[in-house]
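Trainee: Take the sequence shown: its position 21, counting from 1, is numbered 909 in the working numbering, and each next residue is one higher.
Where a beta carbon is used, it is the ideal one built from N, C-alpha and C, also for glycine.
Since this is a predicted model, take the numbers as computed values, not measurements.
Next up is a structure, given as structure tokens.
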Amino acid sequence: MDISSDGARLVIASGLSVPKRFGVALVPNATPKECERVWRNGEMMGIRFTEPG
Numbered sequence: 889m890d891i892s893s894d895g896a897r898l899v900i901a902s903g904l905s906v907p908k909r910f911g912v913a914l915v916p917n918a919t920p921k922e923c924e925r926v927w928r929n930g931e932m933m934g935i936r937f938t939e940p941g
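So, in structure tokens, the structure goes:
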């Protein structure tokens, strides 16, 4: 996983279906942040956070 203030690159299961917009919690017990899928290549996926902070 690679995280910046604007988004992240995630490793996910190759067969997992991921919607265009979803919430993601990047650490245990964190409040999910709204994000959108920007790109996907097999098990790698790039997301952009759609809410500040």
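How is D894 classed by DSSP in three states: helix, strand or coil?
Mentor: Here D894 sits in coil by DSSP.
Trainee: In angstroms with no decimal places, state the Cα-to-Cα distance between E939 and K908.
Mentor: Looking at the two C-alpha atoms, the distance is approximately 15 Å.
Trainee: Compute the Euclidean distance between the alpha carbons of R936 and G911, then round it to the nearest angstrom.
Mentor: Taking the straight line joining both Cα atoms gives about 11 Å.
Trainee: Give the DSSP-derived three-state secondary structure of N917 in the structure shown.
Mentor: Looking at N917 - three-state DSSP - the assignment turns out to be coil, as it is neither helix nor strand.
Trainee: Between A901, G930, N929, L914, which lies nearest to C923 when the distance is taken from Cα to Cα?
Mentor: If we check each option's Cα against that of C923, L914 comes out closest.
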